[in-house]
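Residue numbers (UniProt numbering), protein chains in the order written: chain A, 1 to 491; chain B, 1 to 96. Even for Gly, the Cβ is constructed at its ideal location relative to N, Cα and C. Being a predicted model, the structure only gives us computed values, none of them experimental. Let me begin by presenting the structure, written as structure tokens, before commenting on it.
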């Protein structure tokens, strides 16, 4: 058995009783990483020296009043698009390959540190968070710990795989169109995308600023709630972070969902969703019924327009956000340029991968003179209609439930040829980002091939508490979250 | 009918400060054309009178006092730069 099979609150108790040390937890993490990360490839950069030094400090504080941070001694992995002071931050792109000494910590990293958590290392991802399989990492593709022939999902594939493989018990990811929830589903872990504005984006390398959110990936719902509680809240460095009080999310985990009103959109169990996934969701609804919740079929009529809307808007925003990578102040500069214009063009062309270039060009096109109204403005209007679908349903129901993804994980290399097929993986997660509401994925079954299936629970703006309550009650009634991949031998 | 031509792709690449070879331009044209054709399904939607959503929150301007503060040192500002000279960032010549 691994120390990471214990939940966060148990680990803290064991630490304060001095049954284990913070350094033991780091041993668990780094030993497991050397054992399995050659196959899983979840990490880009390890932070072992700094982490060990911090563990030494924290071990002195065990059981004392100072050592009472909410995440005291907890090892955590951080997605590599979250800036870490003095620790290499690449967003899995060659253009930032040499960014070894960033100048500041993202707000979430500062908050983890203040809560006495320890950053184990930086996690692999699709380059600049653009992708659904981690195959767009410029370093190497992370593999699914349940079967390394399969993708872990993306873009937070490293964040999900590291937790599933037992390399770290907790991680941070980011979610622009499903990038936390889809890999969480594929890897059989819990992943939450908070309400837009719940968590500061300061220090998150921007992809699509009106959609991006940072969120936790964990083995259990309770652990997830502890981490959100730590990282959420108003931040003067992010003017879109909300001035709304952060509740103690763990107090919402009552196990009671009696009378909970669930909406099940018919579009989420329609054509394109595999039979295995539909069955798993239907069984989950039965579990809720048995616990005293009720559900009705509803409609989110504009769901089918979400994918187009998302790619136009997110690519447009990306084309502006990624203009900052110009080879001047930091990052890669092409050695082949003789003048300024060539320096920009060659640095960017040599530094960005194909998917990033495609989206920058799509966005530049959608925003360019003569096409702006037809594409960009039209997509913003479609977004209004999609958001209204959610507002209407959530006016009458507590949560919306459906699958996280249409199918379980697919094979490495299966969808790399056609961008549109790859994009279709995110069809059930993207509308949630467009509406700005919170959504979680929790394990709800396995396919015939032994790959995890995820259940998506969506809530009202800033009502993560109800999302967690619903997810936790389901988790307590099932045992999918206790199952682990046999990778590297049973442990 | 194609939605975007190879010439347009090259123009867009120039606007976005990307260098694309002829081979890349051909490939990107096909892929972007597929994506744009797919996105044109939005034309089915009647959006007459629908307000565009730029942002899901109902945010007004968020103001703060305009006060000078210490941020980073000159040394910090230069330490990740690809090329520096005399305490400044060096770039290739702009004028011919």
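Query                                                                                                                             : Result
Interface residues of chain A facing residue 34 of chain B [CB-CB closer than 9 Å]                                                : 418, 419, 420
Endpoints, beta strand (DSSP E) assigned at residue 172 of chain A                                                                : 170–175
Cutoff 7 Å; reference residue 359 of chain A; Cβ partners in own chain excluding five residues on either side                     : 130, 315, 318
CA nearest to the CA of residue 134 of chain A, picked from A/147, A/150, A/154, A/118                                            : A/154
6 Å Cβ shell around residue 443 of chain A - same chain, five flanking residues per side excluded                                 : 188, 452, 480, 481
Residue 438 of chain A beta carbon less than 8 Å from that of residue 475 of chain A                                              : no
Residue 59 of chain B Cβ short of 7 Å to the ligand GTP heavy atom set                                                            : In the structure on display, the ligand GTP does not appear, and there are no ligands present to speak of.
Proximal residues of chain A, C-beta to C-beta of residue 76 of chain B below 8 Å                                                 : 103
Helix, strand or coil at residue 460 of chain A according to DSSP, with G and I counted as helix                                  : coil
8 Å Cβ cutoff met for residue 169 of chain A and residue 160 of chain A                                                           : no
Chain-ordered chain A contacts of residue 93 of chain B [CB-CB under 9 Å]                                                         : 338, 339, 340
For residue 62 of chain A and residue 75 of chain A, the rounded distance between their alpha carbons                             : 15 Å
Residues near residue 326 of chain A in its chain [Cβ-Cβ closer than 6 Å; skip 5 each side]                                       : 344
Counted within 10 angstroms of its Cβ, other Cβ atoms place residue 435 of chain A as buried (16 or more) or exposed              : buried
For residue 16 of chain B, the nearest candidate out of A/473, A/374, A/361, A/383 (CA to CA)                                     : A/361
Rounded separation between residue 121 of chain A and residue 221 of chain A - CA only                                            : 23 Å
Spatial neighbours of residue 411 of chain A in its chain, beta-carbon cut-off 7 Å, leaving aside the 5 residues before and after : 149, 150
Cβ-Cβ separation, residue 123 of chain A to residue 171 of chain A (assumed contact under 8 Å), whole Å                           : 6 Å
Proximity test, Cβ basis, 8 Å: residue 109 of chain A and chain B                                                                 : no
Members of the segment 38–59 of chain B that neighbour chain A once the beta carbon cut-off is set at 7 Å                         : 38, 39, 41, 42, 45, 47, 50, 51, 52, 53, 54, 55, 56, 57, 59
Residue 305 of chain A vs residue 374 of chain A beta-carbon contact at 8 Å                                                       : no
Contacting residues, own chain, Cβ-Cβ under 8 Å from residue 308 of chain A (five flanking each side not counted)                 : 379, 382
Selection from A/142, A/175, A/177 that minimises the alpha carbon distance to residue 164 of chain A                             : A/142
Interface flag, residue 383 of chain A vs chain B, CB-CB below 8 Å                                                                : yes
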